[in-house]
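Just so it is clear: in the sequence shown, position 263 is 282 by the UniProt record's numbering, and no numbers are missing. Notes follow the structure.
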Amino acid sequence: PVAKEPPKIHRLDESVVNRIAAGEVIQRPVSAVKELVENSIDADSTSINVVVKDGGLKLIQVSDDGHGIRCEDLPILCERHTTSKLSTFEDLQSIKSMGFRGEALASMTYVGHVTVTTITKGQLHGYRVSYRDGVMEHEPKACAAVKGTQIMIENLFYNMIARKKTLQNSADDYSKIVDLLSRFAIHHINVSFSCRKHGATRADVHSVATASRLDAIKSVYGVSVTRNLMKIEVSDDDPSTSVFEMDGFISNSNYIAKKITMVLFINDRLVECSALKRAIEIVYAATLPKASKPFIYMSIKLPPDHIDVNVHPTKREVSLLNQEVIIEKIQSAVEFKLRNSNESRTFQEQS
Ligand code: ADP
Ligand code: MG
Numbered sequence: 020p021v022a023k024e025p026p027k028i029h030r031l032d033e034s035v036v037n038r039i040a041a042g043e044v045i046q047r048p049v050s051a052v053k054e055l056v057e058n059s060i061d062a063d064s065t066s067i068n069v070v071v072k073d074g075g076l077k078l079i080q081v082s083d084d085g086h087g088i089r090c091e092d093l094p095i096l097c098e099r100h101t102t103s104k105l106s107t108f109e110d111l112q113s114i115k116s117m118g119f120r121g122e123a124l125a126s127m128t129y130v131g132h133v134t135v136t137t138i139t140k141g142q143l144h145g146y147r148v149s150y151r152d153g154v155m156e157h158e159p160k161a162c163a164a165v166k167g168t169q170i171m172i173e174n175l176f177y178n179m180i181a182r183k184k185t186l187q188n189s190a191d192d193y194s195k196i197v198d199l200l201s202r203f204a205i206h207h208i209n210v211s212f213s214c215r216k217h218g219a220t221r222a223d224v225h226s227v228a229t230a231s232r233l234d235a236i237k238s239v240y241g242v243s244v245t246r247n248l249m250k251i252e253v254s255d256d257d258p259s260t261s262v263f264e265m266d267g268f269i270s271n272s273n274y275i276a277k278k279i280t281m282v283l284f285i286n287d288r289l290v291e292c293s294a295l296k297r298a299i300e301i302v303y304a305a306t307l308p309k310a311s312k313p314f315i316y317m318s319i320k321l322p323p324d325h326i327d328v329n330v331h332p333t334k335r336e337v338s339l340l341n342q343e344v345i346i347e348k349i350q351s352a353v354e355f356k357l358r359n360s361n362e363s364r365t366f367q368e369q370s
């Protein structure tokens, strides 16, 4: 057979490349909220307020009282790979901020309309400016502003028809956003968070800054959860096995729920770890006769160079040094706690 002519290879238009990449970073409205709230946390905010319209497709607005953005930085703010958080690749090894890629804001401008209002300390007025496809649409306009930054994303995925359709058909992202803010609120207890639907007077998440983790959990998840929590702590500092500290709260045998709630922060990053989740679920199922699903909050700290945060653009997964050992240690600590509480309960019920 005659070989077919090979198709010609050509360079993709930059706007196509950027939109494709943006669709990976911002997969759905809740991913945009996560990026914005993490930016607010990185900006040392003590108050972060989120407003959402139409599950985030019409409007996402995140306001904070952080350090703000310098006027002279506004022209490049939403370009790809512009950041104040990272300079050299080696910095990644000790990075404390959530962000480092300088891609989130840029991505949002490729799949939505972004407006930034910001004021820095000591300024008499703030600036407002809008962005599309990475570039500033006009010179920043002077405006009244309170401390911090407000970022507004309108018409998310207006130029990604298929994405928009599937999101409109699927369950509303609003509950995912509420869930996300709840998680942030019980970890960053020195920050107050709120999340509401546009036009609503009542907030669906409302936390005030507190010194007590348990108070924070109570204000977000309710007393029915905190009543049944046990504090748990595990650590290891033997370099030949693993080096980490974990502290958290786990539900006892009186807690009843149909679904597991697992809130996991590793080095202050909200992440998922399916292996750890599974290990804990197994312990609960084996220890508790009625197989109630647990509530778990865990904060794991390890040396920064034991964790690779650069695994995925959404940074949802990280990889850890000695992951198996760490999981095993946590699993047996959970089992120990649970057995003890279960036995003391049986004892109480008998006596
Ligand atoms: P990254 O967080 O990876 O640096 P982003 O695109 O999310 O990238 O943000 C780009 C830069 O914009 C940040 O490095 C930060 O300097 C600035 N920035 C973004 N959001 C805020 C905010 N809420 N307050 C202050 N500065 C912000
Ligand atoms: Mg960021």
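Glycine residues also receive a C-beta, built at the ideal position from the N, C-alpha and C atoms.
- By DSSP's assignment, Val133 forms a beta bridge with Tyr150 and Ile172.
- For the pair Gly153 and Ala228, the Cα-to-Cα distance works out to about 35 Å.
- Tyr316 sits buried, since 16 or more C-beta atoms from the chains shown fall within 10 Å of its C-beta.
- For Lys183, the CB contacts under 6 Å within the same chain, skipping 5 residues up- and downstream, are Phe176 in chain order.
- Less than 8 Å divides the Cβ of Thr168 from the Cβ of Gly85.
- By the neighbour-count criterion, in which 16 or more other beta carbons inside 10 Å mark a residue as buried, His29 falls on the exposed side.
- Looking at the DSSP output, Arg288 sits in a beta bridge with Ile285.
- Cβ contact annotation for Arg358 (same chain, cutoff 8 Å, sequence separation greater than five): Thr306, in chain order.
- For the pair of segments examined, the segment 254-266 was found to touch the segment 345-360: the number of CB pairs separated by less than 8 Å reaches three.
- Listed in chain order, the alpha helix (DSSP H) elements of length 4 or more contained wholly in the segment 158-243 are 180-188, 193-206 and 232-240.
- C-alpha of Asp191 to C-alpha of Asp73: approximately 8 Å in a straight line.
- In terms of side-chain proximity, the C-beta atom of Thr107 is found no nearer than 7 Å to any non-hydrogen atom of the ligand ADP.
- By the Cβ neighbour-count rule, Thr128 is buried, with 16 or more other Cβ atoms within 10 Å of its own.
- The C-beta of Ser34 has fewer than 16 other C-beta atoms within 10 Å across all chains shown, which makes the residue exposed.
- Cys97 sits buried, since 16 or more C-beta atoms from the chains shown fall within 10 Å of its C-beta.
- The set of residues with a C-beta under 6 Å from any non-hydrogen atom of the ligand MG comprises Glu54, Glu57, Asn58, Gly118 and Ala123, given in chain order.
- If you draw a 10 Å sphere on the C-beta of Arg99, you find 16 or more other C-beta atoms in it, and that means buried.
- Under DSSP, Leu339 takes part in a beta bridge, and its partners are Ile326.
- Annotated three-state conformation of Glu347 is helix, per DSSP.
- Distance from the CA of Ser103 to the CA of Asn273, rounded to the nearest whole angstrom, comes to 47 Å.
- Shortest gap from the CB of Ala125 to any heavy atom of the ligand ADP: under 7 Å.
- With distances taken between CA atoms, Ala163 lies nearest to Ile138 out of Arg297, Val148, Ile138 and Arg215.
- Counting other Cβ atoms within 10 Å of its Cβ, Pro323 stays below 16 and is therefore classed as exposed.
- For the options Leu143, Arg47 and Ser270, the alpha carbon positioned closest to that of Ser243 is the one of Ser270.
- In this structure, Thr65 has its CB at a distance of at least 7 Å from all heavy atoms of the ligand ADP.
- When the five nearest sequence neighbours on each side are left out, the beta carbons in the same chain lying within less than 6 Å of the beta carbon of Asn68 are those of Ser82 and Ser213, in order along the chain.
- Membership of Asp257 in any alpha helix (DSSP H) is not indicated; the residue belongs instead to the beta strand (DSSP E) covering Leu248 to Asp257.
- In this structure, DSSP gives Val36 a helical state, which the three-state scheme calls helix.
- Per DSSP, the continuous alpha helix (DSSP H) segment holding Glu57 begins and ends at Pro48 to Asp61.
- Counting only runs of at least 3 residues, the segment 94-140 fully encloses the following beta strand (DSSP E) elements, listed from N- to C-terminal order: 132-138.
- For Val21, no alpha helix (DSSP H) encloses it, and the DSSP letter there is neither H nor E.
- In the displayed model, Ile315 falls within a strand according to three-state DSSP.
- Taking C-beta separations shorter than 6 Å and ignoring five residues to either side along the sequence, the partners of Leu340 in its chain run His325, following chain order.
- Between Ala310 and Ala304, the C-beta gap is smaller than 8 Å, which places the two residues in contact.
- Here Asp61 is buried. Its C-beta has 16 or more other C-beta atoms within 10 Å.
- Boundaries of the alpha helix (DSSP H) around Ser293: Ser293 to Thr306.
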